[in-house]
Each structure stands twice: as C-alpha cells, then as structure tokens.
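Peer 1: I'd like to ask some things about the structure below.
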Amino acid sequence: MTVRRPSGSRLALTALALSLVAAPAIAGGAPATAAATPPAPTGCGGAPVPASSTAAPVSQLQGGLIRVFAVQHRQTLAAAATYASIGADLECELNAIDPLRSASEPNVVVFNELNGLIDATEGTRGAAARSGGPQVTLIDQLIGQPGTAGIGSVAAAYASQVAYYNAKLGPTTSQNAAVERLFTAVTDTMVRSIVENGSRLAKAHGDYVILGAPLPILEGAACTGAHAGWVACPGWRSSTEPADVAALQDPDLAPVSSVYVAGTANIDNVSLVFAPDGTLYDLQPKVNLTPLEISPLGWHAAAPATIHAIGLHGADATALPQVRLGIAISLDGFVTAAATGDPCGTAATYLACLDSKGVNVVLQPDFNDGVTPCWSWTDFTEDCGTARASWQPLSWMRSTWFQVQGRRTDGSFAFAHFAYSINTFQVGNLFDIGGDGQTAIFARGDPRASASWYAGDSSGTLYAAPGSATDRADDPRYAGYEGPMPGFLALMPWKIPEHTANSLVRRATPARARGDPRSLQSCEQGLAPRSGVTAAQSPTCSENDYIDGVVAADLFPGAPASRVPETPAPAILLLAAALLAVPTTLANRRRSSQEVSR
C-alpha cells in the first residue's frame, strides 16, 4: 500500500503495483503455438475492458515455459460478507481464466496486494463495518477518530479475542494498541478467508495462485517442523485446545472443533503462494513498509533475510528449475537502488537482492489506494498541486518497467537477471479509499513486446510545460519515461480509450467536473468514492465503475537462450538513466507515490 499525505488532508492508502512481464527465452522453451482468444473482462463486478489503440495487447498466448494470468480484481464489501462469498468472488476470476489455461504449461494466477484486508469485515462481526458505506473514513477509524463504522468498528466485535491475545502474547503499549492487536485478533477469520479459500481454489482449478493478506508470520529459526528451513513461514496454527476454541471461534460457525491461533504478535503484509495441489508451499512478507503500515496499523517489517527466490512446486520444480519467481510487494518493487555491498544485507536494495538470487520473473502485487484530493492512478501523487507532484502512471514506470528495462548510467541493465515483471492492481472503492491502476506485464528480450504507454503517457513532449492538457510541468525526475517505451508485453486498457483525443488530457485547464470523460483526472474523480456520479450521468466515469479483468502471457517462448541479451541502449534511455542516476530513497518513494500497501 502507499501512503500519501496531501496538504491539509488525512493519511491515504495507496499501494504501488508492479507487473512481471514476459521475458526472453531460456533453456527448455516450448515451441510457439497459435494464440488463444484474448481474455475478456471477467464479469466479476467491474466495467468492461474498453478498446485500446496502444501497441500492447491484453494477452500474449503463443506457448512458453509458464502461463501467467495477472488479475485486476475489484474488491467489494458485499463480497466479504461470508467465507463462501469471499471464495466465490475469487473463483469468479478463476472461472473466467479456465478456458485460457494451458494444458502443457504450469498456470500461475497472480492476484493483488492485501486481497484479504477487506475480509476483516466478514460475518456478523463485520456487518456494521460493511454497512458503513462511502461516508465512512477508513483511516480516521484506524487512528481512533470518531465514527460509527469502517474497519475500526470491527475492533469492538473482536474485543474478547483482543483480550485473549493480550493475555497470551502480552499487551502492546503502543498508542495505537487497539488497531495493532485487532489484526492479531482476526487471525482465524483471515486464515479461513484467504488461506483456506486460496488452497481450495488452487486445487480445484489446478493453478498456482498467489494472494495477499495481513497475517502473523515467523522468520528464520522460528520456522520449525514442516516449515523448517523456510526463511519466513506461517505464524499461525490450527488448535483444538478448548481454551483457544472457546475464545477464538467464529460465532457464525459455532460450535467448531478447531480454530486458527496466532503464535506471534508480528503481523506482516504477505503474499501467499499456493501450488496446484492446494499446498501453501511458500510466502514472501513485505520488507519495506509505508508509514501508515507502521503506525497506526502496527504491522511488522520483515527482515531482508526473508528476501528469496521462489521456484515452482513438485514435478514442475524438477522439470523447470530455470523458472525463478521473486515477489516484490508494492513498495518493495520501487526499491531500485544499486547495491554497493551485500545486496541482501539491507532493505534499501530489495530488488538487487532478488536479482542476486537469479530471479527472472518479478511479481509485484499492488493496492494503489488514494483519497481526496489525490485520487488513484490517473491523478498526481501525494504532492499533488505542488512542483514535486508526479503523474502516477509515470511513477510506476520508475518501478515495474524499470525492473526489466531500466539502465544504469553505464548503459547496462539495472538488474541482469530480470526478464519479466508482472504488476497486478486491486481496484474498487473501500469506504473513502479509491483503488485503481493498469495491470501490466513487461518483458526484456521477448520479441513480442512492443513500445507502449500507460494512460496519459503517450507523448514525450506534450506535458513538458504547462498547457491545455495539464496545468503544470511534471516532476523532471520522471520526464524520461514519457512517450512510447519498449518492453510492454500485455497491458490492461484504462477507462478512456487510447484512440480518443481525451486520452491526451491529463488535467484540463480549467478543471472539468467530476466524471467528465474529457480529462483523465476528472474521469478518475468520477470513479472515486463519494463522487455521486451515476452511469446515467457518465457512462464511462461513474462511481466505482473500475475495470475488472485479466492480463495474460506465456513467458519464455521460442528458442533456448542462456541469458537476457544485453541489447544496446537507445540514447533516450541513457539520457533517462543519467537524469535519474541519484538512487531512489525510501523517503522519496513514499513522497512520490501513494500507499498503505505498497
């Protein structure tokens, strides 16, 4: 998640989402086959995918080593009502993917950052929160401001569980103790919502499934038994102890014979990796947290020692040892600095650490959340209205696109092994929080990739100075990423089709009304919470009408190759590298992008 702090405004949640994209062929690449029908919108509650004139298609399915489905999932409070509805909401996406599954390659389905956050409102204990609606302020609830609903209202329903864990784990002395311990108290709910459903769905569909949630996590030597040797592992267990069951059972399910119990107070923002047989066989906790994740949420920053490569599972691991996945949750994917020492010795060189471990497919799940006045995606970052603001789609280029196409000042690729970057966005309004983005797959050395752009990035010169398309020049740190850029393998279109003149207008002068499709920013404002814009008023840009769908690609197609080719750097990329030679610090990243989740 990303945290923006607009002037005179509350903290905002904004998750940076990065994509793993198609890469050059490596040993064992399968011969190309006829392309499958491109994925259609999933019909899981979002808007239909509009036509796009960008060079990047929605899918690239011609055969390869693995087939990746990058899900742009639309969250809704209604879907969080029960464990069954949570599972059905996720399975809707998988049902849409089923006709496109490969019969010969492993199928990897990548969901988003913090899919499970909304599941804290499950059941009768979360009913008050789910009924809160967009007038409720999620962040104010979390930091203890007055209100009657929102995620914070869940704490009252879990008061006995909070007390039980205070006795079991020791009380927390933080000023945000109620919020911090709440995420421990909902462990049983979260495991049933995400872990049980994730395992069941992976097995039912025969896919690798990657989901995100806040969960208790152990590290290193604390991982024992079945998890011995894991660098990070589940910090919960199933218990049949009468005291645990009595204190922690879900009243909607009672009586139950067992419950899930947290064995640590450390709650991490974590991505869970399920194998096609339903096994939770790996996970990656987030290392670089945003200020909001630290306080008031009170989440735990995983140690750099947890950064690791993830192989496939079982027979797939034996057949395809060259496929090495690496997960960079939101802000972790923005940490692009070069290492001067041990790349895995500090959180500040997260991506360099993944590269040192031979990762060639980067997965960056995001929840790009924003609040007024800086909304999500086709708007400016937390410094909106200042000279340091950046157009959000440009700031994402500095993350996901840079992972596979970025260069150092000497012209070499920033990360030698990264061949693909898959960036998935969770979309949808959650109380006063809006989530949006464009799910994408980027590639290096893959002949199918082409030059393309995110929404509002199509011109390398149009936005260089104030004018009718924008009322201010963009932050010069991002100027080198404007215009068509190489490496786009597959891209989810945005609400305003790229073949229309309106797609060139970031921010109109004078500003247009919310929901007006004649500028990208005013359209985003129509999608946002509390906009009040109906479909009748604006068929394209009405409240909460975000695009829900899937972007897909076969990775590593064609003839074998031992490594990513070091192709000559175009002059414009060398210039961009020189302009951006100063390493991106975490402070700068937090300032120039939004997030709770990144």
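Heads up: the sequence shown runs through residues -27 to -1, 1 to 571, numbered per mature numbering (1 follows the signal peptide of the UniProt record, and there is no 0).
Glycine residues also receive a C-beta, built at the ideal position from the N, C-alpha and C atoms.
Only a predicted model underlies this, so the values are computations on that prediction, with no experimental measurement involved.
Give me the residue from Phe307, Gly429, Leu477 with the minimum Cα distance to Asn396.
Peer 2: Working through the sequence shown from its first residue, we reach residue 396 at position 423. Taking only the C-alpha atoms, the option nearest Asn396 is Phe307.
Peer 1: Once DSSP output is grouped into helix, strand and coil, what is the label at Gly60?
Peer 2: Taking the first residue of the sequence shown as 1, we reach residue 60 at position 87. Of the three classes helix, strand and coil, the one that applies to Gly60 here is helix, per DSSP.
Peer 1: Under 8 Å, with one C-beta from each stretch per pair, do the stretch 402 to 411 and the stretch 451 to 468 reach the 3-pair mark?
Peer 2: Output reads yes: the stretch 451 to 468 touches the stretch 402 to 411.
Peer 1: Just to confirm the assignment, what range does the alpha helix (DSSP H) spanning Met163 have?
Peer 2: Taking the sequence shown and counting its residues from 1, one reaches residue 163 at position 190. 160 to 163 is the span of the alpha helix (DSSP H), which, as asked, contains Met163.
Peer 1: Quick one, are the C-beta atoms of Leu303 and Asp339 less than 9 Å apart?
Peer 2: Reading the sequence shown from its first residue, position 330 is the one you call residue 303. Reading the sequence shown from its first residue, position 366 is the one you call residue 339. For clarity, residue 303 is Ser in the given sequence; the question names Leu instead. Against a cut-off of 9 Å, the Cβ pair of Asp339 and Ser303 comes out as a contact.
Peer 1: Do three or more CB pairs link the stretch 471 to 482 to the stretch 333 to 349 at distances below 8 Å?
Peer 2: In short, these stretches do not touch, since the Cβ pair count stays below three.
Peer 1: Distance check for Asp328 and Phe391, CA to CA, integer angstroms please.
Peer 2: Here residue 391 refers to the residue found at position 418 when the sequence shown is read from its first residue. Here residue 328 refers to the residue found at position 355 when the sequence shown is read from its first residue. Rounded to whole angstroms, Phe391 to Asp328 spans 7 Å at the Cα level.
Peer 1: When you compare each of Val81, Gly198, Asp225 to Ala57 by their alpha carbons, which one comes out closest?
Peer 2: On the sequence shown, residue 57 is found 84 positions in, with the first residue counted as 1. Answer by Cα proximity: Asp225.
Peer 1: Between the C-alpha atoms of Ala463 and Leu528, what's the straight-line distance to the nearest angstrom?
Peer 2: As a first step, residue 463 must be located in the sequence shown, where it is residue number 490. As a first step, residue 528 must be located in the sequence shown, where it is residue number 555. When rounded, the distance between both Cα atoms is 11 Å.
Peer 1: Beta-carbon within less than 7 Å of Ala195's beta-carbon, same chain only, minus the 5 sequence neighbours each way: which residues are those?
Peer 2: One-based indexing of the sequence shown puts residue 195 at position 222. Within the same chain, Ala195 has no close Cβ partners at all.
Peer 1: Please check if any C-beta of chain C sits within less than 9 Å of the C-beta of Gly96.
Peer 2: Given the protein chain composition of this structure (a single chain), no chain C is represented.
Peer 1: Counting only runs of 3+ residues fully inside the stretch 210 to 255, write out the beta strand (DSSP E) ranges in chain order.
Peer 2: Here the runs fully enclosed are 232 to 235, 240 to 247.
Peer 1: Below 8 Å on the Cβ atoms is my guess for Ala526 versus Ser32; work out the distance and round it to an integer in Å.
Peer 2: The sequence position of residue 526 within the sequence shown is 553, counting from 1. The sequence position of residue 32 within the sequence shown is 59, counting from 1. Going by Cβ atoms, the distance from Ala526 to Ser32 rounds to 7 Å, so yes, they are a contact pair.
Peer 1: Less than 9 Å between the C-beta atoms of Ile520 and Val22, yes or no?
Peer 2: Position 547 of the sequence shown holds residue 520. Position 49 of the sequence shown holds residue 22. In this structure, Val22 lies closer than 9 Å to Ile520 by Cβ.
Peer 1: If you count every other CB in all the chains shown that lies within 10 Å of the CB of Thr354, and 16 or more means buried, which is it?
Peer 2: Walking along the sequence shown from the start, residue 354 turns up at place 381. Buried, because 16 or more other Cβ atoms sit within 10 Å of the Cβ of Thr354.
Peer 1: Between the C-alpha atoms of Gly522 and Gly531, what's the straight-line distance to the nearest angstrom?
Peer 2: The count along the sequence shown starts at 1 and reaches residue 522 at position 549. The count along the sequence shown starts at 1 and reaches residue 531 at position 558. About 27 Å.
Peer 1: Does Gly499 pass the burial test, meaning 16 or more other C-beta atoms within 10 Å, or should it be called exposed?
Peer 2: As a working mapping, residue 499 is identified with position 526 in the sequence shown. Under this definition Gly499 is a buried residue.
Peer 1: Which stretch, first to last residue, makes up the beta strand (DSSP E) that contains Gln337?
Peer 2: Against the sequence shown, residue 337 aligns to sequence position 364. It spans 334 to 339 - the beta strand (DSSP E) in which Gln337 sits, taken as one unbroken run.
Peer 1: Just how far apart, CA to CA, sit Phe375 and Asp419?
Peer 2: Taking the first residue of the sequence shown as position 1, residue 375 is located at position 402. Taking the first residue of the sequence shown as position 1, residue 419 is located at position 446. Taking the straight line from one Cα to the other gives about 16 Å.
Peer 1: Below 9 Å between beta carbons: does that hold for Thr157 and Ala100?
Peer 2: Within the sequence shown, the letter at position 184 stands for residue 157. Within the sequence shown, the letter at position 127 stands for residue 100. For Thr157 and Ala100, no; Cβs fall outside 9 Å.
Peer 1: Measure the C-alpha to C-alpha separation of Leu253 and Ile167 and round it to an integer number of angstroms.
Peer 2: As a first step, residue 253 must be located in the sequence shown, where it is residue number 280. As a first step, residue 167 must be located in the sequence shown, where it is residue number 194. When rounded, the distance between both Cα atoms is 11 Å.
Peer 1: According to DSSP, is Phe307 helix, strand or coil?
Peer 2: Against the sequence shown, residue 307 aligns to sequence position 334. Reduced to three states, the DSSP call for Phe307 is helix.
Peer 1: If distances are taken between C-alpha atoms only, which option among Gly171, Leu38, Ala292, Asp352 comes closest to Ile59?
Peer 2: Numbered from 1 along the sequence shown, position 86 holds the residue referred to as residue 59. Of the listed residues, the one whose Cα sits closest to Ile59 is Gly171.
Peer 1: Can you tell me which residues form a DSSP beta bridge with Gln45?
Peer 2: Position 72 of the sequence shown, counted from the start, is the residue given in the question as residue 45. Paired residue(s): Gly522.
Peer 1: Are Ala151 and Gly343 touching if we call contact CB-CB under 9 Å?
Peer 2: Here residue 151 refers to the residue found at position 178 when the sequence shown is read from its first residue. Here residue 343 refers to the residue found at position 370 when the sequence shown is read from its first residue. Cβ distance not < 9 Å, so Ala151 and Gly343 don't count as in contact.
Peer 1: Report the residue from Pro249, Ile91, Ala311 whose alpha carbon sits nearest the alpha carbon of Asp289.
Peer 2: Here residue 289 refers to the residue found at position 316 when the sequence shown is read from its first residue. Asp289 has its Cα closest to that of Pro249, out of Pro249, Ile91, Ala311.
Peer 1: Which residues in the same chain have their Cβ closer than 6 Å to the Cβ of Tyr427, if we skip the five residues on either side of it in sequence?
Peer 2: Along the sequence shown, one-based indexing puts residue 427 at 454. Pro366, Gln411.
Peer 1: Opposite Arg380 in the DSSP bridges: which residues?
Peer 2: The residue you call residue 380 lines up with position 407 of the sequence shown. According to DSSP, Arg380 bridges with Phe386.
Peer 1: Name the one or two DSSP bridge partners that Ser268 has.
Peer 2: Walking along the sequence shown from the start, residue 268 turns up at place 295. Partner(s): none; Ser268 has no beta bridge.
Peer 1: When you compare the CB positions of residue 579 and Val243, do they come within less than 9 Å of one another, or not?
Peer 2: The question about residue 579 has no answer here: the residues shown for the chain are numbered -27 through 571.
Peer 1: Any idea what DSSP makes of Leu142, helix, strand or coil?
Peer 2: Position 169 of the sequence shown, counted from the first residue, corresponds to residue 142. Helix, per DSSP.
Peer 1: Taking DSSP as the reference, what is the three-state secondary structure of Val31?
Peer 2: The residue given as residue 31 occupies position 58 in the sequence shown. Coil.
Peer 1: Classify Gly401: buried if its beta carbon has 16 or more other beta carbons within 10 angstroms, exposed otherwise.
Peer 2: Translated into positions along the sequence shown, residue 401 becomes position 428. It counts as buried.
Peer 1: When you compare the CB positions of Ala312 and Ala320, do they come within less than 9 Å of one another, or not?
Peer 2: The residue labelled residue 312 in the question sits at position 339 within the sequence shown. The residue labelled residue 320 in the question sits at position 347 within the sequence shown. Cβ distance not < 9 Å, so Ala312 and Ala320 don't count as in contact.
Peer 1: Select from Ala29, Ala43, Ala201 the residue whose C-alpha is nearest the C-alpha of Leu184.
Peer 2: Taking the first residue of the sequence shown as 1, we reach residue 184 at position 211. Among Ala29, Ala43, Ala201, the Cα nearest to that of Leu184 belongs to Ala43.
Peer 1: Ala129: buried (16+ other C-beta within 10 angstroms of its C-beta) or exposed?
Peer 2: In the sequence shown, residue 129 corresponds to position 156, counting from 1. Counting Cβ neighbours within 10 Å, Ala129 comes out exposed, since fewer than 16 surround it.
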